[in-house]
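Residue numbering for the sequence shown is 28 to 530, as defined by my numbering.
All C-beta atoms in this analysis are idealised placements derived from N, C-alpha and C, irrespective of residue type, glycine included.
Worksheet: the structure to be examined is printed underneath.
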Amino acid sequence: MSASVAVSYPSLVSDDVRRATRVARAFPTALAIVCVVTCYAFFAGGGKFDFRQLGIWEETNYASLAEGFLHGHLYLWVTPERQLTALPNPYDFAARHGFNYRWDTSYLNGRYYLYSSPLPVLLAYIPLRLLRGRYPPDSFVALLFSAWAFLAIVAFARRALKLGGRPLVIPLPLWVLFIGLGNAAAFVLVSVHMYEISVLTGMAMTAMWAVALLRFNVSPAPGRAAWVSLWLALAIAARPNLGVLLVVTAFVMIAAARKRGPSVKAILAFVAPLAVVALAMFWYNAARFGDPLEFGIRYQLTHIDMAGKKVCSLCTFPELARFGNNVGHYLFWPLQMRSTFPFVDAKPAWLDRAVSWPTPGAVTEQIIGIAPLAPLVLLGVLFAVLLSLGLNHGAFDAGTRSAIQVMAGGWLVLFGLSTCWWIVARYSLDFILLMSASAVICIENGLLSLRAIGVRILPLRLAVAVMACYSILIGFLLGFIGPGDAFQRANPAMFEMISRWFK
């Protein structure tokens, strides 16, 4: 008996030591994750972590749509103004002058609708209404989806890096901070309306798509194909422009079928979720507007009559010029540096009115280029190309292969958005997390591959760490600005207090 105890006791001690070691190693990464989510909550809550309970559904469009759904209707549960219903042509901006109405909603047959996705209503507004008895403010839903997207894409990056089976060149907590803050998320969260809600929902769905794609690459089973398809379908439902991710997904599925042989079960597993969600969206559009392909843009109450307008197109030479201008904005549009806190600001975009939003004199919105904010994303592209050309002298592991595929998806989304006639910082959230997480994986594998062929990578490691810190700092400071100085308007006392620290 005593001998048995003598043998088992050291084993128990060693298990406790290993467990404590794992916890100690995981703590810095967990702390970085908490820091990012806390920053999201800080900026979404106006610098006060203030997420007041929204008691009445009339206050926001998405809450109004949720109330309509709960009453068995597809329109906003508000009554349009009598002046609006009396107009012979409610889409004439001049005719609507002088009274209040639901700006940028879709209006038809005496009802308000949303051209934005109903997915946030189904995933957030109605569940929270049923759980808490009240609708959440838009800022809280924005926090929910941004945190969801961040946690999912970090899970993708961690899993992909782990599959490589090699030690990290850059500490994981720094990568986590870069992925979460080295973008326009803090800037966008300061001012949240229905536009930001749909974008952040799409960001969460694409992050889940990346996770599912990685799992499929590790083990291409029919069930995992269905999981990829489901999140892709929900991403498209949230943001139809994300349909370009179907190109990457189809490529992955075809490559897997060639390797393992075609399977009817796998094909059906992939097609079924896409078909179900597509049919649901077609029915939703047809029930509202009589056309399965009409999302409500035609009936939008905005500056111009939208009937017959194409907001995204690449069919003429002028539109090709617009495409080049928009790509340049998303990639290289500079930040504005200034001498007062927070020392940085986003600049308004420049649009050619001949092929863009056709309203003379309208103020453009701010845009933040990838290169000025997150230059590591472009370095990740370089390493992805070098790895594809054989820098690693061997076959890709599933993590690296997934990173390159997800990066390709992010670039397709950027190019797709660049065919549209409006550019704004919030649209960059459609692709930036995909690019950032995949860039992290490609940079790690690229640096290790360079070291394997005898290149001294210490200077590169230092440069990468400095650029990551730069992006984290700039992304964080941009949150103290927000669109149109929104943070200062939301919390002037805090803004003034912090400004005095730097005087």
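Can you tell which of the options has its C-alpha closest to the C-alpha of residue i?
| i | options | result |
| --- | --- | --- |
| F514 | A234, G72, W236 | G72 |
| Y142 | C469, A211, Q327 | Q327 |
| A252 | L261, F126, A293, R266 | A293 |
| T386 | W449, G335, C342 | W449 |
| A212 | P519, G481, A373 | A373 |
| T532 | G509, S415, R129, V433 | Residue 532 lies beyond the range of the chain shown here (28 to 530); nothing can be said about it. |
| L97 | F54, R52, L111, G160 | G160 |
| G473 | G443, N419, S463 | N419 |
| R242 | L301, A430, R123 | A430 |
| Y497 | S415, M524, V371, Y67 | V371 |
| H356 | Y152, L146, C447, H124 | C447 |
| H220 | R193, P194, S166 | S166 |
| A174 | C66, L416, L146 | C66 |
| P399 | A283, M434, T391, I499 | I499 |
| A231 | P147, G192, L157 | P147 |
| S465 | L444, G443, V433, L477 | V433 |
| Y152 | S91, R193, N127 | S91 |
| L475 | F322, N127, R193 | R193 |
| S383 | S445, H100, P361 | S445 |
| L477 | R527, G417, G443, R365 | G417 |
| M494 | A334, A282, E321, N210 | N210 |
| R365 | L157, S526, G74, A93 | S526 |
| P523 | N352, G74, A68 | Reading off the sequence, residue 523 comes out as Glu, not Pro. Cα-wise, what sits closest to E523 is G74. |
| V168 | Y222, Y311, P115 | Y222 |
If I'm right that residue i touches residue j with Cβ under 8 angstroms, what's the distance once you round it to whole angstroms?
| i | j | result |
| --- | --- | --- |
| Y140 | Y102 | 5 angstroms |
| L25 | A262 | Limits of the chain in this structure are 28 at one end and 530 at the other, which puts residue 25 out of reach. |
| P510 | Q393 | 6 angstroms |
| A452 | I395 | 5 angstroms |
| L439 | V298 | That belief does not hold up - the Cβ atoms of L439 and V298 are roughly 21 angstroms apart, past 8 angstroms. |
| F76 | P164 | In fact, because the Cβ distance is near 12 angstroms, the residues do not count as touching under 8 angstroms. |
Is the distance from the Cβ of residue i to the Cβ of residue j below 9 angstroms?
| i | j | result |
| --- | --- | --- |
| D379 | R428 | no |
| T233 | L441 | no |
| L358 | V491 | no |
| L190 | D424 | yes |
| L505 | P289 | no |
| Y162 | L155 | yes |
| S144 | A265 | yes |
| V255 | M280 | yes |
| L150 | T56 | no |
| I224 | F177 | no |
| A520 | S218 | no |
| L208 | P249 | no |
| T367 | F529 | yes |
| P563 | L406 | Examination of residue 563 is not possible in this model, given that the chain is present from 28 through 530 alone. |
| I197 | S463 | no |
| G502 | A376 | no |
| I324 | S133 | yes |
| V226 | A260 | no |
| A381 | P345 | yes |
| G436 | L272 | yes |
| P319 | K286 | no |
| G137 | T112 | yes |
| L216 | F70 | yes |
| Q110 | G125 | yes |
| G135 | F316 | In the sequence under discussion, the amino acid at residue 135 is Leu, which differs from the Gly named in the question. Taking 9 angstroms as the Cβ cut-off, L135 and F316 qualify as a contacting pair. |
| G443 | C339 | yes |
| F7 | P267 | Residue 7 cannot be examined here, being either before or after the span of the chain that is shown, 28 to 530. |
Less than 8 angstroms between the CB of residue i and some heavy atom of the ligand NAD, yes or no?
| i | result |
| --- | --- |
| T56 | This structure simply doesn't include the ligand NAD, nor any ligand for that matter. |
- Taking contact to mean at least 3 C-beta pairs separated by less than 8 angstroms, is the stretch 455–473 in contact with the stretch 401–411? Contact annotation: the stretch 455–473 touches the stretch 401–411, with at least three C-beta pairs closer than 8 angstroms.
- Query: Which whole runs of the alpha helix (DSSP H) in the stretch 287–362 are 4 residues long or more, in chain order?
  - Reply: Listed in chain order, they are 291–316, 344–359.
- Query: Are the stretch 485–494 and the stretch 448–456 in contact at 8 angstroms, needing three or more beta carbon pairs?
  - Reply: No, the stretch 485–494 is not in contact with the stretch 448–456.
- For the stretch 116–204, which segments carrying the alpha helix (DSSP H) assignment without a break, of at least 4 residues, lie completely within its bounds, in sequence order? As far as the stretch 116–204 is concerned, its whole alpha helix (DSSP H) runs of at least 4 residues are 153–159, 165–191.
- Query: Does the stretch 106–123 come close enough to the stretch 176–190 to have 3 or more Cβ pairs within less than 8 angstroms?
  - Reply: As far as the Cβ criterion goes, the stretch 106–123 does not touch the stretch 176–190, which means the pair count is below three.
- Three CB pairs or more closer than 8 angstroms across the stretch 236–243 and the stretch 119–132: Taking a contact to require three or more Cβ pairs closer than 8 angstroms, the stretch 236–243 and the stretch 119–132 do not qualify as touching.
- Query: Quick check: the stretch 55–62 against the stretch 200–210, are there 3 or more CB pairs under 8 angstroms?
  - Reply: At 8 angstroms Cβ cutoff, the stretches touch.
- Item | alpha helix (DSSP H) segments (min. 4 residues) lying fully within the stretch 376–456 | Listed in chain order, the complete alpha helix (DSSP H) runs (minimum 4 residues) inside the stretch 376–456 are 397–400, 402–415, 425–444.
- Where in the stretch 221–288 do unbroken runs of the alpha helix (DSSP H), each at least 4 residues long, occur, reported from the N-terminal end onward? Runs of the alpha helix (DSSP H) inside the stretch 221–288: 221–245, 249–265, 272–287.
- Item | Those runs of the alpha helix (DSSP H) which lie wholly inside the stretch 446–506 and span at least 4 residues | Listed in chain order, they are 459–479, 485–505.
- Query: Which runs of the beta strand (DSSP E) spanning at least 3 residues fall entirely within the stretch 62–111, listed in chain order?
  - Reply: Entirely contained in the stretch 62–111, not one beta strand (DSSP E) run reaches 3 residues.
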